[in-house]
Structure formats: C-alpha cells, structure tokens
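What follows is a short report on a single structure.
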Amino acid sequence: MIEVRHLTKSFGSQRILDNVDLQIESGESAVIIGRSGGGKSVLLKHLIALLKPDSGEVLVDGESIIPMNERQLLRVREKFGMVFQGAALFDSMTVEENVAFPLMRKKNFTQAEMDRRVAAALDMVDLPGTQKKKPAELSGGMRKRVGLARAIIYEPRIILYDEPTTGLDPIMSDSIDKLIIRVRDQLKVTSVVVTHDMRSARRVGNHVFMLHNKRIHASGPPEEIFASQDPIVRQFIDGVADEKETIL
Amino acid sequence: MNFLASTWVGIWLTGLGRIAMLTRETVLSLFTFKARWRDLLYQMYFIGIKSQSVVIVTGAFTGMVLGAQTYFQFHKVKMDTATLAVVSVSMCDELGPVLTALMVAGRVGAAIAAEIGTMRVTEQIDALRTLATHPVDYLVVPRLLAAHAALPLLTLEAIAVGIGSCYVVGVYLLGIDPAFLWDNALKYTHDVDIVIGFSKAFIFGGIIAMISCYKGMTCPMGAEGVGKATTEAVVYSSITILISNFFLTLIIGKLVGLL
C-alpha cells in the first residue's frame, strides 16, 4: 500500500503540490489525472522518493521513505518498477542489456537465465527478437515497451507509469493501455498511472485521482469521476478551455 | 545568510560542499565495491587506451621544444650535455604529470561530464535509481578508479616519450654527444622524481574524475545545461590541477626531503 500524507513541494518560490493526501491499496490500478504542468509527475516521483518533499510523508507498506538516505532507499525501490515518459533507456546499451540491467546488478543470475528472462519480458511487451537493437533504432512506442520490459523483469510489486501514452498515435496508445492491463492482471501488481489521456485513464484505472490547483480535487472509481458534475472535473474530462486560455 | 548564498562566494562554497558529499559517497561505495569489473575495464580502456595518441603527441613535442630551448641557453655556457638532464627532471616532476592531466581533462573530463549530463537530462539517472542502483556505484566509482589507474601510466608514457624525443633532437639535430647526454640524464634524475610524477598523476586522475562526474550529475536541464557542464568540467579540472600542483610540489617536496 502507498500512502501520501500532507505532501507539499515547491520549486523555488513556485508551489507545485500543497497538502496532498492519497492512498493507493495493494493490487489497485490508480490513475492520477490533471492538467499539464499540474504536478502529476512530481507527485509520482515522490512515491519512489526520486524527489523529496518540503513537508509531508510517503509511506510504502507502512514504512516512511522520506527520511531514508539514497542507500536505504535501494531496498525500498526493489519493490518498484517505473516507466518514464521518454522511456529513459540507457542509450549506450542494446535493448537486451537495457532489459537485463536490473538482473546484471544482482549478480546471482546465470547468462542463460538472464537471456530467458529478457526474452520472456520482451515477449510480454510484444517485442520479440529486438534484443540486439539500440534504443536509437526504435520508435517512441517501442521504446516505452522496452522501458516496461525493463521495469517488469525483476517482478516488482508496484509499477509507476509516467504519461505512458503521451506523444503516441491512438493505435499505439491503445496497445500501451492493453499492455498496462495485461501486466497488471498477469503479474498482479499495483499500478500507478499518471496521464492526461482520458481514454487511457478510463480503461486502465480502477481508482482515479484528479490533481487540480496543487491538491487532489476529486477521487473515486472511474465511473464516478467520469459521471461527475463538478465543474472543474467536467471541464477537464470534456477538454474545454477557459475563455482567457483561448488563443484566438 | 540567504544573501550570502546567492553571491558567488555562496555558490562556490555550496559547490565545494556538494563535491565533498559526492566524494564521501564515492569513498563509502569504494569500501563496499559495488562497481562491476566490466564497467571498470571499459572506463580504463576509454580513459587509458583511447587517450594515448594525445598524450604521446603532447609528451613528444614538449620534450623536443624543452630540449631545444634548454640547449639554446646551455650552449652559451658550454653545458650542452646537461640538456637531457634538465628535460628529464622537468618531465618527471612537472611537465609530464601536469600536461598529461590537462590533456586528459580536456578529452576525458569533457566526455564524462557530457555523458553523465545527458543521462541526467534524459532521466537515465532517475531510471538507474528506480532500478535500485546507486548512481555513484554505477557512474562515479568506475570512472574514479579508472582515472586513478590510467593517469600514472599515461604520465609514465608521456615522460618516456618526452625524454626519448629530446634525446633524438639533441643527438641528431643539435649534435650533442650522446654518451655524455645520457650519462648526465641518469646522474641527475633520481627515483624520487619518478615518485613525485606518479603521485601527482594519481591525484590529478582523482581530480578530473570527481569534478567531471560532479558537473555531469548536477548538470542544468536542457542542451545548454549539458554544454555548460562540459565546459565547466574542463575549466575547473584544469584550474584545480594547476593550483593543486603548486601545493603538491611543496608537500611532496617536504615529504621526500627536498624542502
């Protein structure tokens, strides 16, 4: 279980998150929605302690991770896998080396075992036979799939997705959504997806949190959120710009 | 205090503090040796083997120029055969380690800062952390160990090439008697000169690796940030090498009884 309590974060004088509270149960598929630049990715990075808050707490399985130093966090992070917006593949390595990276660091895997696991992970993300390719040879969607294969190869219990469908065409977005659902169902992981893609949020989530004005403005099952009559939620779901935000 | 923090003194002190923290983390990691041999060997290849051409050219032409200049002055007082001795001691104590370090700072320091800076900008360092890998274990330790190992060897190469090229210029171009030239070089170059050169090179290797890794890991976001980090890595490494060389000369001189 992940619990965020009274989380506040500023960059310089600009406050990004203000007293955010949320709770994600084990096995849940949580989606955090909100406007671009609204602090969704910042919130996601706090869940794995890539960022430290100004105040507040993040608890993973009841353990507060904020006071931990970088070495203590290594143990906690073994529970997590993360798929980055730009995939964040190591560009000096092949796909195979990228996916096998977490296993290579553990040192207790034979080469044959690593090869088998890499092939299985790449099969799961529908990219068999791409082991020898370099990240530069892959499309955006393929890179995100390799990022997901890297995140699932060591069987984490929680997977964080930072805007997994941003910048992809609708068909590729659909295939990434299906992949997130497949990974969730087959590996029984807790998923936390940050997105502003409403179609994706509706499909992959069983709990939606809407971040607005630096706080969680609304939360609940997707059906409830998407049927909400709250003007802010409605405006975001319907994608209607304010008058002052209309360019022409 | 806030006013001080925004001045250049404050920024400089903050930077020093951060690099000290990075050094502490690196030393801790060294004791647990989390680096992989494969990463270490690759860095030794990159820093050591790939820097050879630039170090050989630097050593050769420094030895030749210094030999010619020394000869021009010594010839006036009929001390031609002391030319190689002067070049030998200069190359071992000062020019070998300093010029090698400056050349490596330009080639390797820039590459380290650019590579790590790009990794930071493209979230690859964050990805490392999410994969339960400490960036210092994976990025800094192999580079530091490789630089510590490679710099003394490269310096030895530069010294040997510098002395050799001075000998060739002295004997075949300037017509100095080879037997006396060589005999004087051996007579005035002592083991302690080699030790001084090696010690300096070892320390310079650490300076280049730590400053370049630090600049990469704290690189500002964007392409401009990577460029700035790369430039600063080379400039700060070079200046630190030159300043620390003076103090190292005094300290090592005192330790080996030259002072």
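Residue numbers (the numbering used here), protein chains in the order written: chain C, 11 to 258; chain E, 617 to 875. Virtual Cβ for every residue (Gly too), placed ideally from N, Cα, C.
Nearest-angstrom Cβ-Cβ length linking residue i and residue j, presumed shorter than 8 Å
i	j	result
V204 (chain C)	D184 (chain C)	Contact doesn't hold; Cβ gap of about 18 Å is too wide.
S828 (chain E)	A729 (chain E)	5 Å
G230 (chain C)	V214 (chain C)	That belief does not hold up - the Cβ atoms of G230 (chain C) and V214 (chain C) are roughly 16 Å apart, past 8 Å.
M182 (chain C)	A159 (chain C)	That pair is no contact at about 16 Å.
V193 (chain C)	I169 (chain C)	7 Å
L197 (chain C)	E165 (chain C)	7 Å
V156 (chain C)	A97 (chain C)	7 Å
G786 (chain E)	Y687 (chain E)	7 Å
V86 (chain C)	I75 (chain C)	5 Å
I779 (chain E)	M707 (chain E)	6 Å
G683 (chain E)	E773 (chain E)	Incorrect: roughly 18 Å between the Cβ atoms, too far for contact.
V880 (chain E)	Y788 (chain E)	Absent from the model: residue 880 (chain E). The displayed extent of chain E is 617 to 875, so no value can be given.
V93 (chain C)	I12 (chain C)	About 16 Å; that fails the 8 Å criterion.
V54 (chain C)	V202 (chain C)	It is worth fixing the name first, because residue 54 (chain C) is Leu in this sequence and not Val. Going by Cβ atoms, the distance from L54 (chain C) to V202 (chain C) rounds to 7 Å, so yes, they are a contact pair.
V850 (chain E)	G725 (chain E)	5 Å
Paired residues, beta bridge with residue i - DSSP
i	result
H222 (chain C)	C:R225
F21 (chain C)	C:Q24
I5 (chain C)	Here chain C has residues from 11 to 258 only, and residue 5 (chain C) is not among them.
G230 (chain C)	C:V218
Chain E contact residues for residue i, given Cβ-Cβ distances below 7 Å
i	result
P145 (chain C)	Per Cβ cutoff of 7 Å: no residues; P145 (chain C) is ~10 Å from chain E at best.
G49 (chain C)	Correct list: empty, because the minimum Cβ distance to chain E is about 17 Å.
I58 (chain C)	T746
L124 (chain C)	As written in the sequence, residue 124 (chain C) is Met, which differs from the Leu given in the question. Here the premise fails: no neighbours, minimum Cβ distance about 14 Å.
R81 (chain C)	H750
L84 (chain C)	A748, H750
F219 (chain C)	Correct list: empty, because the minimum Cβ distance to chain E is about 21 Å.
F21 (chain C)	Within chain E, no residue comes near F21 (chain C); the closest Cβ sits about 12 Å away, beyond 7 Å.
M134 (chain C)	Result: empty, since nearest Cβ-Cβ is about 18 Å, beyond 7 Å.
Beta-carbon neighbours of residue i, restricted to chain C and to distances below 8 Å
i	result
Q740 (chain E)	A98, L99, F100, D101
A817 (chain E)	Here the premise fails: no neighbours, minimum Cβ distance about 28 Å.
A636 (chain E)	Chain C residues near A636 (chain E): none, gap ~16 Å exceeds 8 Å.
A839 (chain E)	By Cβ distance, chain C contributes nothing, its closest Cβ being about 14 Å from A839 (chain E), past 8 Å.
A684 (chain E)	Those within 8 Å of A684 (chain E) in chain C number zero; the least Cβ separation is about 44 Å.
8 Å Cβ cut-off: residues of chain E touching residue i
i	result
E88 (chain C)	A748
Partners in chain E for residue i, counting only beta-carbon separations shorter than 9 Å
i	result
P112 (chain C)	L747, A748, T749
M11 (chain C)	Per Cβ cutoff of 9 Å: no residues; M11 (chain C) is ~19 Å from chain E at best.
M152 (chain C)	What M152 (chain C) touches in chain E: nothing, since even the nearest Cβ is about 16 Å away.
F119 (chain C)	Neighbours of F119 (chain C) on chain E: none; closest Cβ ~13 Å, over 9 Å.
K212 (chain C)	Before going on, a small fix: residue 212 (chain C) reads as Arg here, not Lys. Chain E residues near R212 (chain C): none, gap ~27 Å exceeds 9 Å.
R167 (chain C)	Ordered by position in chain E, no residue passes the 9 Å Cβ test against R167 (chain C), which lies about 13 Å from the chain.
Under 7 Å from the C-beta of residue i: neighbouring residues of chain C
i	result
A698 (chain E)	Neighbours of A698 (chain E) on chain C: none; closest Cβ ~51 Å, over 7 Å.
A730 (chain E)	Simply none; closest approach about 12 Å.
A766 (chain E)	Result: empty, since nearest Cβ-Cβ is about 20 Å, beyond 7 Å.
A726 (chain E)	None at all; the shortest Cβ gap to chain C is about 17 Å.
Any non-hydrogen atom of the ligand ADP closer than 7 Å to residue i Cβ
i	result
A845 (chain E)	Here there are no bound small molecules, and the ligand ADP is not part of this structure.
Mind pulling the alpha helix (DSSP H) runs of 4 or more residues that sit fully within the stretch 23-108 of chain C? Within the stretch 23-108 of chain C, the complete alpha helix (DSSP H) segments at least 4 residues long are 50-57, 80-87, listed from N- to C-terminus.
Scan the stretch 159-220 of chain C and note each continuous beta strand (DSSP E) run of 3 residues or more that stays entirely inside, going in chain order. The stretch 159-220 of chain C contains these whole beta strand (DSSP E) runs: 168-172, 200-205.
Between the stretch 761-772 of chain E and the stretch 116-126 of chain C, can you find at least three pairs of beta-carbon atoms closer than 8 Å? Taking one beta carbon from each stretch, the stretch 116-126 of chain C and the stretch 761-772 of chain E have fewer than 3 pairs nearer than 8 Å; the two do not touch.
So, does the stretch 762-777 of chain E touch the stretch 647-662 of chain E, judging by three or more C-beta pairs under 8 Å? Result yes; three or more Cβ-Cβ pairs closer than 8 Å.
Determine, using beta-carbon pairs with one atom in the stretch 739-754 of chain E and one in the stretch 783-797 of chain E, whether at least three such pairs fall under 8 Å. Segments in contact, no.
Within the chosen definition, does the stretch 220-228 of chain C reach the stretch 240-255 of chain C through at least 3 CB pairs nearer than 8 Å? Touching, per the Cβ criterion.
Would you check if there are 3 or more beta carbon pairs closer than 8 Å linking the stretch 685-702 of chain E to the stretch 50-64 of chain C? Contact fails: fewer than three Cβ-Cβ distances are below 8 Å.
At least three beta-carbon pairs within less than 8 Å, the stretch 838-856 of chain E to the stretch 743-756 of chain E: Not touching, per the Cβ criterion.
Completely contained alpha helix (DSSP H) runs for the stretch 835-872 of chain E, where each covers 4 or more residues: If we require 4 residues or more, the alpha helix (DSSP H) runs fully inside the stretch 835-872 of chain E come out as 839-871.
Indicate whether the contact test is met: 3 or more Cβ pairs, each with one atom in the stretch 662-673 of chain E and one in the stretch 97-117 of chain C, closer than 8 Å. These segments do not touch.
Can you find at least 3 beta carbon pairs, one from the stretch 812-820 of chain E and one from the stretch 622-634 of chain E, that sit closer than 8 Å? Verdict: no, contact absent.
Give the list of continuous alpha helix (DSSP H) stretches no shorter than 4 residues that lie fully inside the stretch 631-692 of chain E. Segments of the alpha helix (DSSP H) lying fully in the stretch 631-692 of chain E: 653-663, 668-690.
Segments assigned alpha helix (DSSP H), at least 4 residues, entirely inside the stretch 108-137 of chain C: Listed in chain order, the complete alpha helix (DSSP H) runs (minimum 4 residues) inside the stretch 108-137 of chain C are 121-134.
Starting from the N-terminal side, write out each stretch of the alpha helix (DSSP H) that is 4 residues or longer and does not extend beyond the stretch 687-761 of chain E. If we require 4 residues or more, the alpha helix (DSSP H) runs fully inside the stretch 687-761 of chain E come out as 699-706, 712-720, 726-737, 740-746.
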